[in-house]
Structure formats: structure tokens, C-alpha cells
Amino acid sequence: MNDLNILDRSPVFDDIINGIAPQVNFTVNETEYHMAHYLTDDIYPKWTTFIQSIRLPQGKTHSLFAKTQESVRKDVERAFGVLKARFSVVKNPSKLCDKEKIANNMRACIIIHNMIVEDERSSFTRYDEFEFQEREDVDSFSVNRPSILGNTIDRRTSVRNRQTHQ
């Protein structure tokens, strides 16, 4: 199977389609968006939820966007590369069918990796205790559950909308 066949069968958008994803609202260039976005490269389709880099950026704004997006995407790829190098459960295809178990395995690998990094540090690092104190103004979100099949189909269609970024 190639990446696009896997994407078509992927549960990655299930929360959006089922109406249980956190509501995301923001405006860019006077255009309102209502879904979270994934940073991708050119192989992915031009869906609402995918933001692809600008191939030949013109001007400072487009250049900054392309440079920042590429930097973030490389950071994510590098992080997964580190986890793959350290844990075979991340490197190899999962034999688990349950998404929750796969997510728990990933969390465990990240936690263990962070513990190893912390243990390997040779000197004490200073940190600001304020960063770790709980805030009173914690952000909240609401979940809208689908009431009928039509809502689910509408959300699935909106995820794959190719007109959003034109």
C-alpha cells in the first residue's frame, strides 16, 4: 500500500468526522478556519486539513512561512527519528490493533526517552519554577457530538475540501 491508500483508511481524522475533536477557530488573511491543520509535504492531497509548504516563496512573508514550516516539520521528523533509533516498537509496524494501546506505547517511549536524557545530563540545569505552576486561566474546549449521519458526512467532506487554500 502506498501512503495515499493508507491515508484514505487512516483513523487520523476520526475525531473530526465523529464530532469529538476540540473546536479550533482562527483567522489568517481574513479567512476563517475551523479545523486543526497538519504540516505536510507535496505528496499529500490539497485537503483543508493539510498545509503544504510554498515551493517557490515570493517575498519576505512567504519565505518566512516556508522556512518556519520546514523547520517545524524537520523537528517532528527528527524527534521520531530519535525514538525510532532507540525503540524498536516505534521503528517497526505495530502489531496492536487498538489505537489506545498504540498511543500508550508511544507515550511510554517518550517518557522513557526523556528519563534517559535527564539521567544522562552531567550538570544541573536551572529552570524557572513559575513554568511548572498551575495557571488559573486554563483553556477549555467543548465537544459537539454528531446527531445524525449527515453531520458526520458533512465533516468528512469538509476535511477533504480542496478549495480552502486556493
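Count along the sequence shown from 1, add 27, and you get the number used in my numbering.
Glycine included, each C-beta is placed from N, C-alpha and C at the ideal position.
- Leu110 and Ile81 have their alpha carbons spaced roughly 29 Å apart.
- With fewer than 16 other Cβ atoms from the protein chains shown falling within 10 Å of its own Cβ, Arg134 counts as exposed.
- At a Cβ-Cβ threshold of 8 Å, Val116 and Asn132 count as neighbours.
- Given a length threshold of 3 residues, each whole run of the beta strand (DSSP E) inside the stretch 77-145 is given here in chain order: 77-79.
- In this model, Ala63 and Trp74 are separated by some 12 Å (Cα to Cα).
- Leaving aside the five residues that flank Pro84 on each side, the residues in its chain whose CB is nearer than 6 Å to its CB run, in chain order, Ser90, Ala93.
- In this model, Asn52 and Lys87 are separated by some 26 Å (Cα to Cα).
- The Cβ atoms of Thr76 and Tyr65 sit closer than 8 Å to each other.
- Sequence-distant Cβ neighbours of Arg183 in its own chain, meaning closer than 6 Å and more than five residues away, are Ile44.
- Between Thr67 and Gln79, the C-beta gap is smaller than 8 Å, which places the two residues in contact.
- Following the DSSP letters along the chain, one finds Thr179 inside the alpha helix (DSSP H) bounded by residues 176-186.
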